[in-house]
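The numbering of the sequence shown is the UniProt record's numbering, which starts it at 1 and goes up by one. Just so it is clear, CB atoms sit at the ideal spot from N, CA and C, and this is done for glycine as well. Computed from a prediction, not measured in an experiment: that's the story for all the values here.
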Amino acid sequence: MADPSILNALANGTPSNTLGTQERVDALRMMLRIRRFETRAKELFLKGVIKGTAHSSVGQEAIAVGACAVLEPRDFILTHHRGHGHTIAKGADLGRMFAELMGREAGYCAGLGGSMHIADFDNGILGANGIIGAGMGLGTGAALAEQLNGTGAIGISFFGDGAANEGIFHEAMNLAAIWRLPLIFFCENNQYGLSTPTDAVTAGPSIAARADAYGTPSERIDGNDLSAVHAAVSRAALRARAGKGPTLIEALTYRWDDHSMRANLPAYRSEAEEDAWRAKDPITRLKDDITRRSEIDEGAYETLVADAETEVEAAIEWAEAQAQPSMAGAMELVVPPRHALPAAPPPGERSLTYAQAITEAFALEMEHDDDVIVLGEDVGRIGGIFGLTRGLHDRFGAARVRDMPISEGAIATCGVGAAMRGKRVIVEAQLWDFVTLMMDAIVNQAAKARFMLGGKARVPVVFRGPQGAGIRLAAQHCQSLEMFFANIPGLEVYAPASAYDAKGLMAAAIRHDGPVVFLEHKLLYLGQAQPVPEDRYAIEPGRARIVREGSDCTVIATLAMVERAVQAAERLAGAGISVEVIDPRTIKPLDIDTIAASVRKTNRAVVVHEAPLFGGFGGEIASAITEAAFDWLDAPVARIGAPEMPVPYNDALERQYMPDARRIADAVKSVCYRS
Numbered sequence: 001m002a003d004p005s006i007l008n009a010l011a012n013g014t015p016s017n018t019l020g021t022q023e024r025v026d027a028l029r030m031m032l033r034i035r036r037f038e039t040r041a042k043e044l045f046l047k048g049v050i051k052g053t054a055h056s057s058v059g060q061e062a063i064a065v066g067a068c069a070v071l072e073p074r075d076f077i078l079t080h081h082r083g084h085g086h087t088i089a090k091g092a093d094l095g096r097m098f099a100e101l102m103g104r105e106a107g108y109c110a111g112l113g114g115s116m117h118i119a120d121f122d123n124g125i126l127g128a129n130g131i132i133g134a135g136m137g138l139g140t141g142a143a144l145a146e147q148l149n150g151t152g153a154i155g156i157s158f159f160g161d162g163a164a165n166e167g168i169f170h171e172a173m174n175l176a177a178i179w180r181l182p183l184i185f186f187c188e189n190n191q192y193g194l195s196t197p198t199d200a201v202t203a204g205p206s207i208a209a210r211a212d213a214y215g216t217p218s219e220r221i222d223g224n225d226l227s228a229v230h231a232a233v234s235r236a237a238l239r240a241r242a243g244k245g246p247t248l249i250e251a252l253t254y255r256w257d258d259h260s261m262r263a264n265l266p267a268y269r270s271e272a273e274e275d276a277w278r279a280k281d282p283i284t285r286l287k288d289d290i291t292r293r294s295e296i297d298e299g300a301y302e303t304l305v306a307d308a309e310t311e312v313e314a315a316i317e318w319a320e321a322q323a324q325p326s327m328a329g330a331m332e333l334v335v336p337p338r339h340a341l342p343a344a345p346p347p348g349e350r351s352l353t354y355a356q357a358i359t360e361a362f363a364l365e366m367e368h369d370d371d372v373i374v375l376g377e378d379v380g381r382i383g384g385i386f387g388l389t390r391g392l393h394d395r396f397g398a399a400r401v402r403d404m405p406i407s408e409g410a411i412a413t414c415g416v417g418a419a420m421r422g423k424r425v426i427v428e429a430q431l432w433d434f435v436t437l438m439m440d441a442i443v444n445q446a447a448k449a450r451f452m453l454g455g456k457a458r459v460p461v462v463f464r465g466p467q468g469a470g471i472r473l474a475a476q477h478c479q480s481l482e483m484f485f486a487n488i489p490g491l492e493v494y495a496p497a498s499a500y501d502a503k504g505l506m507a508a509a510i511r512h513d514g515p516v517v518f519l520e521h522k523l524l525y526l527g528q529a530q531p532v533p534e535d536r537y538a539i540e541p542g543r544a545r546i547v548r549e550g551s552d553c554t555v556i557a558t559l560a561m562v563e564r565a566v567q568a569a570e571r572l573a574g575a576g577i578s579v580e581v582i583d584p585r586t587i588k589p590l591d592i593d594t595i596a597a598s599v600r601k602t603n604r605a606v607v608v609h610e611a612p613l614f615g616g617f618g619g620e621i622a623s624a625i626t627e628a629a630f631d632w633l634d635a636p637v638a639r640i641g642a643p644e645m646p647v648p649y650n651d652a653l654e655r656q657y658m659p660d661a662r663r664i665a666d667a668v669k670s671v672c673y674r675s
C-alpha cells in the first residue's frame with residue numbers, strides 16, 4: 001500500500017488561485033476533454049477497437065493541463081507511456097490521437113507508433129516513449145539544441161516515479177545541471193510503478209529531494225491542484241528562460257485505473273485507498289472552486305461536459321473512418337531518403353593516416369555546417385584518447401566539441417535528442433565496448449524514432465568509436481560488435497578499411513538524416529598514411545570496393561581483415577591462385593550485387609571477419625551469395641571468424657584469436673582444391 005502520509009499531506013482546502021477566471025475555465029475545459037478521451041479510449045479498448053494496450057491518465061489531468069498552460073508554442077515536451085493528457089494539453093488533435101490508437105494511417109504516427117509513441121513536432125511534442133525514463137535523456141539533447149540555437153525555448157520532460165530510480169534520471173539531472181539546460185524535470189508520482197508502491201522502492205525523503213545532490217532547485221507539490229502545478233511550472237520556466245538551468249518538480253497524484261488497459265493484475269491497492277484518492281479528483285476540486293467563486297454556474301459546467309463528449313465522439317467517428325496503413329508505406333518510413341552525393345574525387349598524392357582522415361572529415365563538415373556538434377568523453381581539450389578529435393576544440397569551441405561526463409546513457413540520449421531538434425551529432429564511444437551502455441539510445445530511440453513517430457523524426461546522429469583486438473586491451477575493450485547493430489532496422493552500419501574511405505564515409509554519415517553506427521578499428525589507427533584528397537567529399541554507402549582483382553576465389557573482408565586478406569592473396573599468387581578481395585565498406589546497406597558479380601566470376605568465396613564465427617556477418621553474406629549466385633558456386637562458401645571466446649589479454653593468445661593471412665590463405669585453398 002502507498003504511504004498514507006502522502007495523501008494526508010495534500011491540500012484539503014481550496015486550491016490556490018494563481019490563474020485568472022478565463023484561464024481557469026479554459027483549464028477545466030481541457031481537463032474534461034482529457035478525462036473524456038481517456039474514458040472512451042478504455043471503452044474502445046474493451047470493445048477491441050483499440051488493440052495492443054494503452055495507459056490511462058485519469059486522475060492526473062491537473063498536471064498535464066497546469067504544466068502545458070505555462071508553455072509557449074516554441075517550447076517542447078517529452079512524455080512517457082501514460083502521456084495522452086500531456087499531448088492533448090500541448091495541442092494535439094483528438095481525431096488524430098484516436099486514429100493513432102486505432103492504428104490508422106491518419107494517426108499522428110501513421111498508425112505505426114500507437115498509444116506509447118504519440119508525437120507532433122509542429123506542436124513541440126517530441127514523442128511519448130515506451131522506455132521508462134527515456135524522455136529525460138532525450139530532453140537534455142533537445143534543450144541543448146535550443147540553448148545552442150539561442151531560441152529561448154524551454155522543455156519539460158515528464159516521467160513517472162518509477163523512472164526516478166533509473167540511471168538516466170541521475171545522468172540527465174547531472175548533465176542538465178552542469179550545462180544549465182532550459183529543461184524542467186517533472187515527476188508524476190502516482191504512488192506506484194506497475195504494482196509496487198513507490199515508497200517501497202525509493203530511498204530518501206522524496207524524489208524531489210534528490211535534486212539537492214545536483215545543486216538544482218526542486219519542489220514537491222499537490223499534483224491534483226491545478227493552480228499549484230501551474231505556479232510551480234511557471235517558476236521553473238522563468239528560471240529556465242533566464243539561463244539558470246533545470247528544476248525538478250515532484251507532483252503527488254494518483255492514477256485511478258490499473259497500470260494499463262491490458263494489465264488485469266491481481267489487486268494490489270485497497271478500495272479505501274482508491275476511494276480516498278478519488279475524493280481528491282482534480283476536476284471536481286477545480287469545478288467546485290470555480291462554481292464557489294461564481295465564475296461559472298452548474299449549467300455552464302454541464303455545457304462544458306457536453307461539449308467535451310461531443311468533441312470526443314466526433315473525433316472517434318472520424319478516426320474509425322480512416323484507412324489502415326500499408327506495408328509499402330510503412331517500409332518507406334524506416335530510413336530517411338538519402339541525399340544525392342557527387343562523385344568522390346580520386347585519392348591523389350597527399351597522404352593521411354586513417355585517424356587523420358576521420359579528423360579531417362569532422363573538421364570539414366563542422367566548417368560547412370554550424371549544426372554539426374561532437375559529444376563524448378575527453379573529446380575536447382585533449383582530442384580523445386586516440387586523438388581523433390584533436391584540434392577541433394580550439395577551432396570550433398567548447399560549445400560544439402563538448403566534453404561529457406563519464407555517462408554513456410546520457411551522452412547517447414542527449415545526442416539523439418539534439419538530433420531530433422535539428423543538430424547533426426557525432427557521439428563518440430571512447431572504446432566501442434562502452435557502446436553497450438548506449439544501447440537504449442541507439443536501438444530503441446535513434447533507430448526507431450523515424451518509423452514509430454510516423455516519419456516525422458529526423459535523427460542525424462553518428463555513433464562512432466574504435467572496436468577490435470590487436471593491442472592487448474583484453475575482453476572488455478576489444479570486441480567486434482557489428483552484428484548487434486546490423487540486426488536493427490533503421491540503423492546503417494559503416495566499416496571503412498582505408499583512410500580514403502574513412503574520410504568519405506564519415507562525411508556521408510554526418511550528412512545522413514538518420515542514425516549511423518560508424519565502426520573504426522584500433523589497428524587501422526596505427527597504419528601507415530595513405531592517399532587522401534584535401535577536398536570535402538563523401539562516399540555513397542552501399543558501394544563495395546574491389547581492393548584487388550582476381551579470378552579463382554573471392555574473399556570478402558572488413559576493417560583490419562581487409563589488409564590481411566590482401567596479404568593472403570599475395571601469398572597465394574605465388575602458388576598460382578588468383579584471389580579477388582572485396583571490402584563491402586558498409587555492412588548495412590550491403591552491396592551484394594558487387595559481391596555476387598565477383599563470385600559469378602571466380603566461382604568460390606571466403607568471408608572473413610574478426611568477430612566470433614557464430615552469429616557473425618559472414619553467415620549473412622554467405623547466405624546472400626547462395627541466394628544470388630548459387631548456380632555459379634563450385635564449392636560451399638567458407639567462413640572465417642574468431643573462436644567462441646572473449647578476446648584474451650595474453651599477446652600470443654590474442655594473435656591466435658584474430659584471423660590472420662595464413663588462416664585466410666588456408667580457407668582459400670580449401671575451396672579451390674575442393675572443386
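Comparing alpha-carbon positions, which option in the options lies nearest residue i?
i           : options            : result
residue 519 : 433, 313, 244, 67  : 433
residue 146 : 176, 132, 317      : 176
residue 439 : 416, 420, 453, 451 : 416
residue 211 : 525, 307, 574, 170 : 170
residue 670 : 166, 637, 26       : 637
residue 296 : 526, 256, 29       : 29
residue 115 : 137, 88, 446       : 88
residue 604 : 553, 588, 570, 646 : 553
residue 331 : 380, 347, 455      : 455
residue 414 : 173, 54, 40, 20    : 173
residue 159 : 144, 251, 100, 149 : 251
residue 498 : 358, 601, 369, 468 : 358
residue 54  : 474, 260, 423, 616 : 260
residue 76  : 376, 70, 344, 124  : 124
residue 191 : 446, 163, 218, 209 : 163
residue 341 : 60, 537, 444, 573  : 537
residue 325 : 673, 545, 106      : 106
Where does residue i sit, in a helix, a strand or coil, going by DSSP?
i           : result
residue 619 : helix
residue 20  : coil
residue 14  : Note that residue 14 scores 43 on pLDDT, short of 50, meaning its location in the model is unreliable and no value can be drawn from it.
residue 697 : For residue 697 there is no data in the structure shown, the boundaries of the chain being 1 and 675.
residue 264 : coil
residue 653 : helix
residue 553 : strand
residue 71  : coil
residue 567 : helix
residue 165 : helix
residue 633 : coil
residue 471 : coil
residue 187 : strand
residue 78  : strand
residue 580 : strand
residue 525 : helix
Would you list the one or two residues that DSSP bridges to residue i?
i           : result
residue 586 : 494
residue 374 : 401, 426
residue 639 : 607
residue 463 : 427, 517
residue 221 : 251
residue 530 : 352
residue 192 : 197
What residue range does the alpha helix (DSSP H) around residue i cover?
i           : result
residue 61  : 61-68
residue 548 : Counting along the chain, residue 548 falls outside any alpha helix (DSSP H), though it belongs to the beta strand (DSSP E) covering 545-548.
residue 201 : 198-201
residue 137 : 134-149
residue 762 : What the structure shows of the chain is the stretch from 1 to 675, and residue 762 is not part of that stretch, so it cannot be assessed.
residue 602 : 592-602
residue 311 : 298-320
Since residue i is in the beta strand (DSSP E), which residue starts that stretch and which ends it?
i           : result
residue 247 : 247-252
residue 122 : Note, residue 122: premise wrong, no beta strand (DSSP E); not H, not E.
residue 157 : 155-160
If you measure from the beta carbon of residue i to each beta carbon in chain C, is any gap under 8 Å?
i           : result
residue 497 : Any reference to chain C falls outside this structure, which holds one protein chain only.
Taking the runs of the alpha helix (DSSP H) that are 4 residues or longer, which of them lie wholly in the segment 383-454? 392-396, 408-420, 447-452
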